[in-house]
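All remarks here apply to the structure that follows.
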Amino acid sequence: MRRPALSTARALRGRPGLPRWTGTLAVKAAAFITVMCCALAALLGVLVHVQVTNQTVGQARHQALQRLTQATQRYEAGDALRRDAGLDPRGLPRELRDLALSGDRGTMVADREGRPTMWAAGPADGGRALAVAVDYSQQARTIAGLDRAILWSSALAIGATLLVGAFAVTRVTRRLHTTARVARRISAGDLDARVNDPRTGARARGRTDGPVRPQDEVAAVAAALDSMASSLQGKLLAEQRFTADVAHELRTPLTGLHAAAELLPPGRPTELVRDRVAALRTLTEDLLEISRLDTGRERLELDTEQLGPLAGRVVRAAGSDTEVRVVRDVCVETDRRRLERVLGNLVANAHRHGRRPVVLTVDGPVVTVRDHGEGFPEYLVAHGPQRFRTEGGTRGHGLGLTIAAGQAEVLGARLEFANLPDGGAVATLRLPTE
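Take the position in the sequence shown, starting the count at 1, then add 495; the result is the number in our numbering.
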């Protein structure tokens, strides 16, 4: 029984989105590795720079203070000062001169005639400052060279780490992509698909020879997927065997029931018995057809067919009041019996669960069957037909749409189900053109 689909349309706000590649694990891992490498390189660079700079400046300051002590001794002894010493020399920083005039000694790095200079100054008599200038160019070049070396080595380390990290992450993501691809194949019906990750170990793959490699998280996921696929395949095969066995076992007693019903005297009870026996025979044949579809034993008998006349024959054979519209007729290479089975089931389902008018439209290789009822159930639109599925205590859609979907897959066609905004359900069959 169909139920109207709930309206889930919402107004979407326009928000700028990031490119799809930014969401991949490799990009996220590369960004994380780069940020961490940059942070670590910056931290180590700052530590090395501060340490070396403090050591270099300390040595230059110690040398300047020693020369200041020597100059003070020469000045107090009345000897001539050396060329790098003097009273209130030109270029002495004002802050250092004020410090010396206050009676303290100090040092300071400043430029002197365009060259880095370590100044040391102390008090002298007459309100003057005795200062010594020590060339600081070599130390400055050493620190600048160290900074460049830190920068280049950090860039090289970041690049090497990024390459190694990208290689390692790519190996992991490649295995994850393989696992995802196998999962999609399984969901599409290929139950023989397996990941067979080498890191799942020989024992996990049913082997006892060879070394057993340690498992990681990706291997654990792959092993779980393979185990799930094997279990699912076993259960489905058991279900298929059960369905086929039950259908085969029912055919014999149903044949006897049908023969016995034909011998009953005319009357209303006889009509009811014959009707139920016919329904049981139809259900049994449907179960047998589904079992053949499930096992993949169906083979195509291809021939060239004109879609317009074929659709007309299906409607006439159904004996239903269905309008046939041929927008664009084409010839397709298909299995006529299977295509008629698909269209017949779609038309019968539209009349059984929908409301008139029912319209079958042929538009090239696309055939649609539309009714004006309450629409398909939401689960059917989202996941396709499911045999004997019921919801809310209502009757399910039976096996007709399940058989139609299975036969469409054998034909290589795509069968889609949708509900129209103005009401009604539409089934669309897209036949292959080549």
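All C-beta atoms, glycine included, are put in the ideal place defined by N, C-alpha and C.
Because the structure is a prediction, the values reported are computed rather than measured.
In the displayed model, ARG577 falls within coil according to three-state DSSP, outside both helix and strand. In its chain, beyond the 5 residues on either side, SER649, ALA652 and ILE653 have a beta carbon closer than 7 Å to the beta carbon of ALA536. In the DSSP annotation of this structure, the continuous segment of the beta strand (DSSP E) that includes GLN801 starts and ends at 798-801.
With fewer than 16 other CB atoms across the displayed protein chains lying within 10 angstroms of its CB, ASP620 is exposed. For the set LEU775, VAL522, VAL842 and ARG670, the Cα lying nearest the Cα of THR856 is the one of VAL842. Exposed is the label assigned to HIS557, since fewer than 16 other Cβ atoms lie within 10 Å of its Cβ. Annotated three-state conformation of GLY621 is coil, per DSSP. A Cβ-Cβ contact shorter than 8 Å links VAL837 with GLN902.
DSSP places GLY553 in the helix class (H, G or I) of the three-state scheme. In the structure shown, the three-state DSSP call for ARG865 is strand.
In the DSSP assignment, THR928 falls outside any beta strand (DSSP E) and carries neither an H nor an E. The beta carbon of GLY895 sits closer than 7 Å to the beta carbons of ASN840, ALA843 and ASN844 from its chain, once the five residues preceding and following it are set aside; these are given in chain order. The count of Cβ pairs closer than 8 Å, one atom from the stretch 720-727 and one from the stretch 676-690, reaches three, so the stretches are in contact.
Distances from the CA of LEU671 to each of TRP614, GLY868, ALA521 and ARG925 were compared; the closest alpha carbon is that of ALA521. Contact check between the stretch 846-855 and the stretch 811-829: three or more CB pairs, one atom from each, fall below 8 Å, which counts as touching. Your pair HIS544 and ASP642 checks out as a contact, with CB atoms roughly 6 Å apart and the cut at 8 Å.
Each residue's CA atom was taken as its position, placing LEU915 and ASP798 some 34 Å apart. Looking at the backbone, the Cα of CYS532 and that of THR668 are separated by about 21 Å. Around the Cβ of GLY729, a 10 Å sphere holds fewer than 16 other Cβ atoms; the residue is exposed. In the DSSP assignment, PHE662 falls outside any beta strand (DSSP E) and within the unbroken alpha helix (DSSP H) covering 632-682. Inclusion of MET613 and ALA559 in the CB contact set at 8 Å is warranted, their separation being smaller than that value. In this structure, DSSP gives PRO761 a state outside helix and strand, which the three-state scheme calls coil. In summary, HIS878 is exposed, with fewer than 16 beta-carbon neighbours lying within 10 Å of its beta-carbon over all protein chains present.
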